[in-house]
Amino acid sequence: MAVDYDHKTVEKKWQTFWEDNKTFKAVQDPQKEKYYILDMFPYPSSHGLHVGHPLGYIATDIIARHKRMKGFNVLHPMGWDAFGLPAEQYALKTGTHPAETTARNIDNFRRQIKGLGLSYDWDREINTTDPNYYRWTQWIFLQLFKKGLAYEAEVPVNWCPELGTVLANEEVIDGKSERGGHPVIRVPMRQWMLKITDYAESLLAGLNDVDWPEGIKELQRNWIGRSEGADVEFHLPSIDESITVFTTRPDTLFGATYMVLSPEHPFVDRLTIDGKRGEAQAYVNEAARKSDLVRTELEKEKTGVFLGTHAINPVNGEELPVWISDYVLMTYGTGAIMAVPGHDQRDWEFAGEFNLSIVEVVKGGDLETEAFVDNENGVMMNSATPDGSFSLNGLKVPAAIQKITSWLEETGKGRATVHYKLRDWLFSRQRYWGEPFPVVHIDRKPAPLSEADLPLELPDLEDYQPAETGNPPLSNATDWVNVTFEGKKGKRETNTMPQWAGSCWYYLRFIDPQNDEVGWDSEKESYWMPVDLYIGGQEHAVLHLLYARFWHHVLHDLGYVSTREPFKKLINQGMILGEDGSKMSKSKGNVINPDEILEEYGADAMRLFEMFMGPLEKSKPWSTAGMKGSHRFLKRVWSMMTNDDGTLRDNIESDAEIDDELNRLLHQTIKKVTDDIEELKFNTAISQLMTLTNAMKTRPSLSGNLVKTFILLLSPFAPHMCEELWQRLGHAETLAYSPWPEYDDELAREELITIAVQINGKRRGEIEVAPGVDEKSALMLALEQSNVKRYLDGKDIKKTILVKDRLLSIVV
RNA sequence: GCCGGGAUGGCGGAACAGGUAGACGCGUUGGUCUCAAAAACCAAUGAUCGCAAGAUCGUGGGGGUUCGAUUCCCCCUCCCGGCACCA
110 MAVDYDHKTV EKKWQTFWED NKTFKAVQDP QKEKYYILDM FPYPSSHGLH VGHPLGYIAT
170 DIIARHKRMK GFNVLHPMGW DAFGLPAEQY ALKTGTHPAE TTARNIDNFR RQIKGLGLSY
230 DWDREINTTD PNYYRWTQWI FLQLFKKGLA YEAEVPVNWC PELGTVLANE EVIDGKSERG
290 GHPVIRVPMR QWMLKITDYA ESLLAGLNDV DWPEGIKELQ RNWIGRSEGA DVEFHLPSID
350 ESITVFTTRP DTLFGATYMV LSPEHPFVDR LTIDGKRGEA QAYVNEAARK SDLVRTELEK
410 EKTGVFLGTH AINPVNGEEL PVWISDYVLM TYGTGAIMAV PGHDQRDWEF AGEFNLSIVE
470 VVKGGDLETE AFVDNENGVM MNSATPDGSF SLNGLKVPAA IQKITSWLEE TGKGRATVHY
530 KLRDWLFSRQ RYWGEPFPVV HIDRKPAPLS EADLPLELPD LEDYQPAETG NPPLSNATDW
590 VNVTFEGKKG KRETNTMPQW AGSCWYYLRF IDPQNDEVGW DSEKESYWMP VDLYIGGQEH
650 AVLHLLYARF WHHVLHDLGY VSTREPFKKL INQGMILGED GSKMSKSKGN VINPDEILEE
710 YGADAMRLFE MFMGPLEKSK PWSTAGMKGS HRFLKRVWSM MTNDDGTLRD NIESDAEIDD
770 ELNRLLHQTI KKVTDDIEEL KFNTAISQLM TLTNAMKTRP SLSGNLVKTF ILLLSPFAPH
830 MCEELWQRLG HAETLAYSPW PEYDDELARE ELITIAVQIN GKRRGEIEVA PGVDEKSALM
890 LALEQSNVKR YLDGKDIKKT ILVKDRLLSI VV
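Counting in the working numbering, the first sequence runs without a single skipped number right up to 921 at its last residue.
Spelled out as structure tokens, the structure:
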């Protein structure tokens, strides 16, 4: 019996070898087909990795190693998304400078990741906080600015007092901050915005061209929220102005019985009569103070105030009372709606609350109990102009929408429009640890720095504590803030960019990480892009993945990148849960530290187990017993091939014959492992390798060729041990570029197969046949079976069905 | 409420394209080795009945299509994730 495999020594040896020999360095080579495989790079948090984090990294590593052996030129890089809140919160907590803690955290992450034997090209390592990196983040911002896609605005923002910063809509969940779960309130502030709304249509269209999980695409579609309808003009006689409302149901215009403005709508003041002023003012103030949490979560019953004035319905001239209510949002559509309580549930509830009239214009529902909103089968009624010149009556809803939209356009009372839920991206943060904006304010107007002045470095500050006032820490750096720019006195922008900025384009920098002239060389870009496979967590479905696509579309329009979409195929890895089945967290005490796993079982065993646990995309609980099982498998492989002293066993002979049965299994295994890796079904690939191992162990001797092939097949999963065995087999070179084994379909085919015999759908026996057996001979064989005879006794065979090489079904 | 994904032995999970459900691993039980234990190795292992041959049941629940359904169709329950007054 061989002594236990010494994973520590072997793994250290090969990690050093790969590093010293730059085994995984990617060099552009137009002769070879490229494969760009990317992980979502991590924030180097202070906690280090837990066993769930590397799941995706292990998966991409297996693909990367497999593709190299398949002859692809593989780009597989890693870096650090090190700006932003987590790093800064940690720095604040520990009182050390973020630059210092960030550097330390990166060292720890790098150590942990390298310990897993991942085949990254470390020469391409990048760090978003490096001026040589964020120089180009700032450069992209300048391009956005010049294209008119970056602008400043005084807007009601999501202010998080606890974090001392504003947050993007995407970072606010149920009225709380995505990070830390702190309350968020709405206050108006001057902010930088990026006009992502200009790209709503483009971002939507691009989703049709990528191979992403349908769920993620749907999430983005919903977030963009395209909605077709019509803008309709309503006259306001009291101020002699007209107001535009957006509706997706212009067909119900005859059913409008009142109008509602958002409390923030600019017309509110002028539309309020004196007798209502106090009441309206109070309502507006209250709405302004409410957090989104209160407004959307807690308050389900409708509130509002009648302003005392009226609007004129353009189709029939009727007077509609104008109300304000916070169920109408200023940030969507036009901030004003026509209310059709008969055919909109929210309006119906509001009308019920305030006793407003309900008019039925679509037949088919019971308006006593709820609004009727069937927009497919409903038939129009009560929908004609007073003079009878125009009518929708009798039409189905879709036809009515068409007809009235054309009528609105002809009469100048409205037009077909499209609105989006997506809002512009709030792009500034009142924090220290982020990219400075390459902008100087002169006379309160922003002027862009010239590209030659980049990078604009983040000044080294002693006091980087966020202020509760929202005054950014950088405003304390007066020497830095006050500049003379183009002969005038100006002030630098003191907000910084959000976390997402650096990750919006890092995949481009990986292509050309050391370039000082440009962010990336366009020839290299067109060779390597797009990213062929991108693996990361689902939590980035609408944040990172939408922002990065937006920048990429802009860069494409500007001619800086060759593809419209950056990420061709996307996979979301699942979570690894604690052994108790709940999410791993410090407070639950169920966190598994990979350092301990590596120490005890080694990187190969951990890689193997994480891939064996189940489908990559699914969440599944950690299991220490399972971890031991994978470790045991590797030890078995090792002892199958080596003696106590580590030399190869005598029963591995290069000229030993392989028997047909084992050879068949070998070829079946090559096929299954190859196919499964390509489909990312690592768990079944591993189980097939286990099956082959079990068979190999029953043989007194193994052919050298079999052993060689087996090692190559196992190597993407357990690269250290396989390199070691490979070397002991007498190879001087790494196996990382050895050709991937080929299989022979002929040799993989079984000589005799067992097929089931069913009688009336129940399995009653099985027969041994040659593949491709015909129905008649199969039936003959089946009839010899005593159990089959028993069931057929005295009955007529009505029909037989042969499923090729599967089963024979007899109907009696 | 809407959208997406799920539910298979004691556990993680397999199952081509409607064709032998439970591969592989874990766990458990029995055995070998040992003074003993651990480790390792060998064997058994969905449930029920049976000495056995074999039978019946069985993929969240209920119906349907089919010679045959984990797989297709209809209805329902529960779990996970996301969105949520978006006009």
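Just so you know, even glycine gets a beta-carbon here, dropped at the ideal spot from N, CA and C.
Of the residues assessed, V527 falls on the exposed side of the cut-off, its CB having fewer than 16 other CB atoms within 10 angstroms.
For D230, the secondary structure class from DSSP, reduced to helix, strand or coil, is coil.
Residue pairing of R872 in beta bridges, as defined by DSSP: Q867. Beta-bridge partners of S918 (DSSP): Q867, I910. In the three-state reduction of the DSSP assignment, K472 falls in the strand class, which pools E and B.
The DSSP-derived three-state label of M722 is coil.
Taking 7 Å as the cut-off, the beta carbon of V424 is found no closer than this to the beta carbon of F481. Measuring C-alpha to C-alpha distances from K117 to each of T909, M715, H776 identifies M715 as the nearest. Beta-bridge annotation (DSSP): V275 is paired with W268. Fewer than three beta-carbon pairs drawn from the stretch 167-174 and the stretch 591-609 are found closer than 8 Å, and the two stretches are therefore not classed as touching. The Cβ atoms of R524 and D340 lie closer than 7 Å to each other. A contact is defined here as three or more CB-CB pairs under 8 Å, and the stretch 527-538 meets this definition with respect to the stretch 330-350. Secondary structure within the stretch 165-210: the beta strand (DSSP E) runs of 3 or more consecutive residues, fully enclosed, are 182-184 (chain order). Straight through space, the alpha carbons of I864 and K904 are spaced by roughly 23 Å. A check of alpha carbon separations from K781 across E770, N772, L771, T793 identifies T793 as the nearest. Within the stretch 675-762, the complete alpha helix (DSSP H) runs of at least 4 residues fall at 703-709, 712-721, 733-750. In this chain, the beta strand (DSSP E) harbouring A448 covers 445-448.
Spatial neighbours of T843 in its own chain (CB-CB distance under 6 Å, excluding positions within 5 residues in sequence) are listed in chain order as T132. Judged by beta-carbon spacing, T909 lies within the 7 Å limit of L888, meaning their Cβ atoms are closer than that value. A contact between stretches requires three or more CB pairs, one per stretch, nearer than 8 Å, and the stretch 265-285 meets this requirement with the stretch 295-306. CA-to-CA, the gap between N241 and D625 works out to about 8 Å.
Three or more beta-carbon pairs separated by less than 8 Å link the stretch 362-380 to the stretch 428-445, which places the two stretches in contact. The criterion of a C-beta distance shorter than 7 Å is not satisfied by L892 and P850.
For F343, the enclosing beta strand (DSSP E) begins and ends at 335-345.
Ranking G157, Q867, P322, Q608 by CA distance to the CA of G543 puts Q608 first. Within the stretch 598-681, the runs of beta strand (DSSP E) at least 3 residues long that lie entirely inside it are, in chain order, 640-645, 676-681. For E350, the uninterrupted beta strand (DSSP E) run begins and ends at 350-356, by DSSP. Annotation for E560: W248, L251 place their beta carbon closer than 8 Å to its own, counting only its chain and skipping 5 residues before and after. Leaving aside the five residues that flank V281 on each side, the residues in its chain whose CB is nearer than 6 Å to its CB run, in chain order, N267, V293. Going by DSSP, D905 is part of no alpha helix (DSSP H) at all; its letter is neither H nor E. Between I146 and H185, the beta carbon gap of about 5 Å places them in contact (Cβ cut-off 8 Å). With the rule of 3 Cβ pairs closer than 8 Å, the stretch 464-472 does not count as touching the stretch 377-385. Counting only runs of at least 4 residues, the stretch 802-854 fully encloses the following alpha helix (DSSP H) elements, listed from N- to C-terminal order: 813-823, 828-837. Between G683 and M149, the C-beta gap is not smaller than 7 Å, which leaves the two residues out of contact. In the DSSP assignment, Q300 forms a beta bridge with A262. The shortest C-alpha to C-alpha distance from D641 to any of P139, K122, K134, K143 is the one to K143.
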